[in-house]
Amino acid sequence: LRIASSNLLNYFLSVGTGSQFRGANSEAEFGRQVQKTLKALTTMNADIYCVVELENLAGNGAAIDLVDRLNTASPSRAYTAVSIEAGYDTIGTDAIKVDVLYDTNKLELVGHAILVDAGVNSSLLSQSVSGIIFDGLSRVPLAATFRSMSSGRALTVVVNHFKSKGGTGTGGDADQNNGAGSFNLVRTLSSKAVLEWLDGTPTGVTTDNILIVGDLNAYEMETPIATLTSSGYSDVTEDYSYLFSGQFGSLDYVFAKNGMNVRSASTWHVNADEPDLIDYNLDFGRSPALFDGSVPFRFSDHDPVIVELNLSPPTQLQAVLQGLQTLIESIFFCF
């Protein structure tokens, strides 16, 4: 199976220039965004797309629109979205949401769940400065369990979009001037809450094939990431995905539960290396001639992460080789 985790740079059907509009400012911009997005998604050719920054509006129009366009562009596929199949009209209360698109030719949805603060351990919530984690800060995570039609084996994916580093936090969420920015505490609590949630098998299907994915808004050595990697999950790429103020870093991840049979993993540097001058926007008097919708470059500001899995457990030799690869990567990472 091929799984892609991707930021969509605010895929909104609602267009305009007011503060409530986060995506395209006009129909012309949205048309450009659609071209880039479809070119990128069809190039990745994934069986599952875990997406963030999709418009979260009653009626679920953005997910329905994207699925319809993706199926038209991929005639051999039959995609739908978990939000559509599960009847999630909205997911959380933020203007943007996460979702999972999947090919029904290859996968059957057998379980799903969302995590709001009512489902979070009260001891974790009490550690939050504001008393909330997902009900207004980090976006509501979505878990989905699929059964492969070819192997019969199950896979659970949890897609996340943690609170950003911007803004002014207080107390433990204040910028500690250590590079982590604001709201590092709530991002760390988000990781802990997701782990505890998974321990309870939220989709109702038990499997050792679990991926935690998405935009965690935390760099590799920060506590939200260390919380996951110290709890039985491995970062499958350890590569940069974002450029900010001239510095590269990783904000976008796929974490695989230790022991999974990950055949390949890579971050596709299709966005972070490219100037925003060539994205879908037309602001600041940008010449429309700079845009090329026939190529995927700068379809978003974050790079997608792509993994290929064999849902069968790895053989003893594969397990040894994976262990050696992890050891080698960790040695080079130290230098």
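Going by this note's numbering, the first residue of the sequence shown is number 531, and it counts up by one from there.
We put the beta carbon where it would ideally sit given N, CA and C, even for glycine.
Helix, strand or coil at residue i according to DSSP, with G and I counted as helix
{"i": "A802", "result": "coil"}
{"i": "I621", "result": "coil"}
{"i": "V735", "result": "coil"}
{"i": "F676", "result": "strand"}
{"i": "D530", "result": "Lying before the first or after the last residue shown, residue 530 is absent from the chain, which here runs from 531 to 865."}
{"i": "T797", "result": "strand"}
{"i": "R562", "result": "helix"}
{"i": "K722", "result": "helix"}
{"i": "D782", "result": "strand"}
{"i": "G701", "result": "helix"}
{"i": "N540", "result": "strand"}
{"i": "E750", "result": "coil"}
{"i": "T757", "result": "helix"}
{"i": "S478", "result": "A question about residue 478 goes unanswered here, because the residues of the chain that appear run from 531 up to 865."}
{"i": "D745", "result": "strand"}
{"i": "S842", "result": "coil"}
{"i": "K695", "result": "coil"}
{"i": "A570", "result": "helix"}
{"i": "I663", "result": "coil"}
{"i": "N708", "result": "coil"}
{"i": "R552", "result": "coil"}
{"i": "V628", "result": "strand"}
{"i": "A534", "result": "strand"}
{"i": "N791", "result": "strand"}
{"i": "L584", "result": "strand"}
{"i": "N690", "result": "strand"}
{"i": "S764", "result": "strand"}
{"i": "E859", "result": "Confidence is the limiting factor: at E859 the pLDDT is only 47, short of 50, which leaves the residue's position unreliable, though a coordinate-based value still follows. If DSSP states are grouped into helix, strand and coil, E859 belongs with the helices."}
{"i": "A576", "result": "coil"}
Own chain partners of residue i with C-beta closer than 6 Å, once the 5 adjacent residues on each side are dropped
{"i": "T547", "result": "N555"}
{"i": "Q550", "result": "none"}
{"i": "G641", "result": "T675, T733, G734 and V735"}
{"i": "A795", "result": "V766, T767 and V837"}
{"i": "F560", "result": "V545 and A554"}
{"i": "I626", "result": "E583 and N586"}
{"i": "A616", "result": "H642"}
{"i": "S681", "result": "L841"}
{"i": "T797", "result": "T767, D769, S771, D833 and V835"}
Beta-carbon proximity check, residue i vs residue j, cutoff 8 Å
{"i": "D738", "j": "K787", "result": "yes"}
{"i": "A608", "j": "N601", "result": "yes"}
{"i": "D646", "j": "D745", "result": "Note on residue identity: the sequence assigns Val, not Asp, to residue 646. Cβ distance not < 8 Å, so V646 and D745 don't count as in contact."}
{"i": "G666", "j": "T700", "result": "no"}
{"i": "N791", "j": "S824", "result": "no"}
{"i": "L741", "j": "V687", "result": "yes"}
{"i": "S712", "j": "G697", "result": "yes"}
{"i": "D833", "j": "S775", "result": "no"}
{"i": "L596", "j": "Q657", "result": "no"}
{"i": "D492", "j": "L672", "result": "Given that the chain is displayed from residue 531 to residue 865, the structure contains no residue 492 and the question cannot be resolved."}
{"i": "R677", "j": "L637", "result": "yes"}
{"i": "L685", "j": "L531", "result": "yes"}
{"i": "S829", "j": "A802", "result": "The identity of residue 829 in the sequence shown is Phe, whereas the question assumes Ser. Not a contact, by the Cβ cut-off of 8 Å."}
{"i": "A723", "j": "L654", "result": "yes"}
For residue i, the nearest candidate out of the options (CA to CA)
{"i": "N840", "options": "I614, R793 and E638", "result": "R793"}
{"i": "T610", "options": "T623, L639 and A588", "result": "L639"}
{"i": "A710", "options": "A625, V670, V687 and A756", "result": "A756"}
{"i": "V689", "options": "K695, S681 and V670", "result": "V670"}
{"i": "Y618", "options": "T572, D598, D595 and I644", "result": "I644"}
{"i": "I621", "options": "N651, F664 and R599", "result": "F664"}
{"i": "Q563", "options": "A588, N575, N537 and D577", "result": "N537"}
{"i": "A534", "options": "E557, A570 and Y579", "result": "Y579"}
{"i": "S780", "options": "G762, G682, L631 and A748", "result": "A748"}
{"i": "G730", "options": "H691, N651 and L719", "result": "N651"}
{"i": "R831", "options": "V724, L685 and A570", "result": "Contrary to the premise, residue 831 reads as Asp rather than Arg in this sequence. D831 has its Cα closest to that of A570, out of V724, L685 and A570."}
{"i": "F821", "options": "D577, V724 and Q565", "result": "Q565"}
{"i": "G789", "options": "E726, A802, S761 and A723", "result": "S761"}
{"i": "L725", "options": "Y763, K695 and T753", "result": "Y763"}
8 Å CB neighbourhood of residue i in its chain, flanking five on each side removed
{"i": "G591", "result": "L543 and E585"}
{"i": "E859", "result": "In this prediction, E859 scores a pLDDT of 47, lower than 50, which makes its location untrustworthy; no coordinate-derived value is stated."}
{"i": "V476", "result": "Outside the shown range of the chain, which is 531 to 865, sits residue 476, and nothing can be said about it."}
{"i": "V743", "result": "I533, S535, C580, V687, V688, V689, N690, Y783, V784, F785 and V835"}
{"i": "L568", "result": "R599, L600 and A603"}
{"i": "S668", "result": "N690, H691, F692, K693, V716, R717 and S720"}
{"i": "D806", "result": "R828 and D831"}
Closer than 8 Å to chain B by CB, residue i
{"i": "F827", "result": "The question asks about chain B, but that chain is absent: this structure has only one protein chain."}
Own chain residues within Cβ distance below 7 Å of residue i, not counting five before or after
{"i": "C864", "result": "Because the pLDDT at C864 is just 46, under 50, the model does not fix this residue reliably, and the value given afterwards should be weighed accordingly. Hits under 7 Å: none found."}
{"i": "F827", "result": "V800, E804 and I808"}
{"i": "P818", "result": "L812"}
{"i": "T572", "result": "A603 and S604"}
{"i": "N635", "result": "R607 and A608"}
{"i": "E557", "result": "V545"}
Please give the ranges of any alpha helix (DSSP H) in the segment 630 to 656, keeping only runs that are unbroken, at least 4 residues long and fully inside the region.
Runs found: 652 to 655.
Could you give the uninterrupted runs of the alpha helix (DSSP H) lying entirely in the segment 813 to 838, keeping only those of 4 residues or more?
With a minimum length of 4 residues, no continuous alpha helix (DSSP H) run stays inside the segment 813 to 838.
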